[in-house]
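Chemist: Be aware that the sequence shown starts at 617, since it is given in this note's numbering, and climbs by one per residue.
From the three backbone atoms N, C-alpha and C, an ideal C-beta is built for every residue, glycine too.
Here it is: the structure, laid out below.
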Amino acid sequence: MKFRYLISIILGLLCSTLYAQKATLSGYIKDSSNGEGLIGANVYVKELKVGNQSNTYGFYSLTLAPGEYTLVFSYTGYERVEKKIQFSNQAQQFSIELKPADSELAEVRVTAKAVDENVKSIEMSVNKIDIKTIKRIPALLGEVDLVRAIQLLPGVSTVGEGASGFNVRGGGVDQNLVLMDDAPVYNSSHLFGFFSVFNPDAVKDVKLFKGGIPAQYGGRVSSILDVKMKEGNTKKLEINGGIGVIFSRLSVEAPLIKDKASFIVAARRSYIDILAKPFLTGNNANAQFNFYDLTAKVNYNINSKNTVFLSGYFGRDVFGTGFGFNWGNGTLSARWNHVFSNKLFLNATSFYSNYDYLLDSDLENKRPNDSFRWTSNIVNLSFKPDFTYYITPDNTLTFGGQILSYEFKPGKAVASSIGEKREFGQANKRGLETSFYVGNELKFSPDFSAQYGLRYSHYDYQSLDGEYYNRIPVPMSAQNPSGYVLQINKVNPDQVIASYGNFEPRLALNWTLNEASSLKASFNRLSQYVHLMSNTAASTPLDVWTSSTNNIKPQIADQVALGFFKNYGENGNDYEASVEVYYKKMQNQIDYADRANLFLNPYFEKDLLFGDGRAYGLEVFVKKNVGKLTGWVSYTLARTERKIDGINNNEWYTSRYDRTHTLNLIGQYALNEKWSFGANFAYITGVPYSIPVQKYVYEGIAYPQTIPGTRGNIRVPDYHRLDISATKKNKKGLFGKGSSEWVFSVYNLYNRKNPFSVYTRPNETNSAQTEAVQLSIIGSFVPAVTYNFSF
């Protein structure tokens, strides 16, 4: 009975204003220069002081009583437009294109944004970075990088320079769902973490959810990085590119049918190996070390109610000296936007995603009967319909679902010796994740609004190789530090071995204190059914993705957050400031027994240890929006801990993602129309690290020993770095057409040798003694110059 009453209350809230509707106006808000839909553009009704925002595809909907109204369309960086609209009892459609603001309208460009948007928006623990801002941040070797840019935001860090991926609020790299046009990317890095897979010339929008995650997202327990790619210029041919010291890039976009269909193709290729080839001799003469990627997208606006999109990405890293090693991602997304009515919008997405790597010896060339080949991959196929129902400007309902299949091939190796072949590796697995969700954003009053929802996810695990394992507890010993052995069971490959289901409630609240400040709170539960097996300090391309099984339970995280948001300044939002506190509790976290071997080990589940995690902290963010000097300051005070059976005497210990203090200062100064400058400073507390505290000496050689179960008994020294850049805009572009610029940058200006890790070894002069050695990935300043062009 209580459940029935609860459903009645929810339905009443959803439909409370339904009968008051009289007329609905809907349409698309687009960029007049290229026809791209504007995400989050504002539509405001002057007379009623209500409004709405466009969705990911620029679609908006307003339902109002009949009458004449003044609608204000605005978007950051674009000229504001006011239109008189006469509403009747009939549904109406009205699409509009906004013009980019001229450079001399810098003040208007900022004030076109609703001055209270940051305060009154329901979103918290969410960061959006404009791609133009990302391009002005000083970067390694002068190359703009999306993932490195988000590491300058509060709550985001990395375990070290050159590490793949990023960490959010104490989570691992596998706990971030990275989406490229809705398709998941399993390794977001090129060149062992120095660059990301996202070509900045093809990126349209970047949004990071750290908390308060809406019900339509799921599958990871720390964050969602949602990257939308450009759709292609529907007005004219546009070419962008850049020539740098490490790689070059080029993008081409143009209409196929003006104002109805367009495409974009963007490519990058590094050329370190080409430049170094004249200097390589001997075994290194044929060395390969490069990366390349291709991003493409096409869209067709069939009519006012139907638009289709097809986008894809293919990227690869190649590395080898005497062997072949390559890895990469491939994705393909197909989407259909359909407007059922002025109030109901559908985005249906199907995608394919594949991440794989290959390690191959070249022994065949020298010894035809000897070879070694190691392969691994994870493949996704999915269908995901998402519906948005605009009940009123103050009441929006979202609902939908997803079917997502996984095929895991964690690692197979084929070794040949003297013509005799041997195959070994881990069992192939299959998973099927299905989910359904419903969410509602409702403004109860001018001062109080809420976003609430419920997601249900279900997961089935199968073994494609016809066998699975049960963990049997045994006494711990030096030979078996995990305390488990495995029992092998035979099974039909089509049989479901383990199933899991989880309800994931979501809630976000906004209490507006006045026009310039508000309090926000959020809660979300998230479930994750895939896991990255890595017992190294930083993840590598050889790490293994595996399924939840009968032994490996899904990860679950519950997070609560509270924040205070305030805008201030002469124009209302010259400065934006926020302070957030959060607490995250995590279940079924994974660590590893001492000396665990994860590579090609079919029995790796024996060496896994499980327990709980917690992360809590304070995040401060202050941003300056106007004037010649803009930028932001972000500070994070955080703690990340684990409690795993069999480690640290079963007590809490700091995890390898723990960073006590993280401070980032980002500044951008526009001197004049020709010259602009940028600088960023980063300071981060060193990560915990395990180092031997004992040794034994045998035949005059010292052998360091770590106490079993030790984790994080020291910290590496703190990390800090200063980068600077200068950008010079040219009067003419490439071949005298369009525009161009030179970007001069210096990464790690004061030559800091930041530590990546610390390890011990026998002393070089006295082998009976041990010494600690600090490893630095980048140990000096790195100057660079890049030439960018557009026409």
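Helix or strand or just coil, what does DSSP make of I994?
Modeler: strand
Chemist: Express the C-alpha separation of V1146 and D1159 in angstroms, rounding to a whole number.
Modeler: 13 Å
Chemist: Under three-state DSSP, which class holds A1114?
Modeler: strand
Chemist: Using CA atoms only, rank isn't needed, just tell me which of T1252, L687, S839, I745 is closest to P1009.
Modeler: L687
Chemist: Three or more C-beta pairs closer than 8 Å, one from the segment 1048-1064 and one from the segment 707-718: is that the case here?
Modeler: With the cut-off at 8 Å, the segment 1048-1064 and the segment 707-718 do not touch.
Chemist: Please state whether DSSP places R932 in a helix, a strand or coil.
Modeler: Here R932 sits in strand by DSSP.
Chemist: By Cβ distance, which residues of its chain are closer than 6 Å to G857, with the 5 residues on each side in sequence left out?
Modeler: R865, L866, F1405
Chemist: Are at least three pairs of beta-carbons, each pair with one atom in the segment 750-767 and one in the segment 1353-1366, less than 8 Å apart?
Modeler: By the C-beta criterion, the segment 750-767 is judged to be in contact with the segment 1353-1366, since at least 3 inter-stretch pairs fall below 8 Å.
Chemist: Identify the residues that DSSP records as bridge partners of K1345: which are they?
Modeler: E1357
Chemist: Exposed or buried, what is L1058 when buried is set at 16 or more other beta-carbons lying within 10 Å of its beta-carbon?
Modeler: buried
Chemist: Would you mind stating whether K1000 and D798 have Cβ atoms separated by less than 8 Å?
Modeler: yes
Chemist: Spatial neighbours of N1105 within its chain, please: CB distance less than 6 Å, with the 5 preceding and 5 following residues excluded, ordered by chain position.
Modeler: Y1084
Chemist: Can you have a look at Y1366 and say buried or exposed, based on whether 16 or more other CB atoms are within 10 angstroms of its CB?
Modeler: exposed
Chemist: Please state the DSSP three-state secondary structure of F1220.
Modeler: helix
Chemist: According to the neighbour-count rule (16 or more other Cβ atoms, all chains shown, within 10 Å of its Cβ), is L824 buried or exposed?
Modeler: buried
Chemist: Going by Cα to Cα distance, which pick from D875, N1183, K1244, L997 is closest to E1131?
Modeler: N1183
Chemist: Buried or exposed: where does L1214 fall if 16 or more other Cβ atoms within 10 Å of its Cβ makes it buried?
Modeler: Answer is buried; the Cβ neighbour count reaches 16.
Chemist: For N1167, which residues of its own chain have a beta-carbon under 8 Å away from its beta-carbon, when the five flanking residues on both sides are left out?
Modeler: For N1167, where only same-chain residues beyond five positions count, the Cβ hits under 8 Å are Y1085, N1086, R1087, E1221, L1224.
Chemist: From the DSSP output, read off the bridge partner residues of L960.
Modeler: Y1005
Chemist: Taking the alpha-carbon of I1172 as reference, which of Y973, G1227, S1194 has the nearest alpha-carbon?
Modeler: G1227
Chemist: Report the rounded CA-to-CA distance for P871 versus E847, giving the unit in angstroms.
Modeler: 10 Å
Chemist: Comparing C-alpha positions only, which one of L1070, D1110, S1098, L1102 sits nearest to S1079?
Modeler: D1110
Chemist: Name the DSSP beta bridge partners of V1236, please?
Modeler: V1195, Y1251
Chemist: Please list the terminal residues of the continuous alpha helix (DSSP H) segment that includes E733.
Modeler: 733-736
Chemist: At a cut of 8 Å, does the segment 1185-1199 reach the segment 1236-1250 through at least three beta carbon pairs?
Modeler: With the cut-off at 8 Å, the segment 1185-1199 and the segment 1236-1250 touch.
Chemist: Identify, in the order they occur along the chain, each residue of the same chain with its Cβ nearer than 8 Å to the Cβ of A636, setting aside the five sequence neighbours on each side.
Modeler: With a pLDDT of 46 at A636, under the threshold of 50, the modelled position of that residue is not reliable, and no figure is offered here.
Chemist: Kindly indicate which residue of I1263, H1277, T1270, G928 has the alpha-carbon position closest to the one of T1252.
Modeler: Cα-wise, what sits closest to T1252 is H1277.
Chemist: Expressed to the nearest angstrom, what Euclidean distance is found between the alpha-carbon atoms of Q1095 and I1263?
Modeler: 16 Å
Chemist: Could you check if E720 is buried or exposed, using at least 16 other CB atoms within 10 Å of its CB as the buried criterion?
Modeler: Unreliable placement is indicated for E720, whose pLDDT of 38 sits below 50; the coordinate value is still reported in the next sentence. Around the Cβ of E720, a 10 Å sphere holds fewer than 16 other Cβ atoms; the residue is exposed.
Chemist: Could you tell me if V822 is buried or exposed, where buried requires 16 or more neighbouring beta carbons within 10 angstroms of its beta carbon?
Modeler: buried
Chemist: Measure the alpha-carbon distance for S1271 versus A1231 and round it to whole angstroms.
Modeler: 10 Å
Chemist: Could you round the C-beta distance between N849 and G651 to whole angstroms and report it? I think they count as a contact, below 8 Å.
Modeler: 7 Å
Chemist: So the beta strand (DSSP E) A1137 belongs to, where does it begin and stop?
Modeler: 1133-1144
Chemist: Between K1025 and N1044, what straight-line distance do the alpha-carbon atoms span, to the nearest angstrom?
Modeler: 5 Å
Chemist: Just the C-alpha distance for V726 and D746, rounded to the nearest angstrom, thanks.
Modeler: With a pLDDT of only 31 at V726, under 50, the local geometry of the prediction cannot be trusted, and no value is derived from it.
Chemist: Taking the beta carbon of R1211 as the centre, do at least 16 other beta carbons fall within 10 Å, making it buried, or is it exposed?
Modeler: exposed
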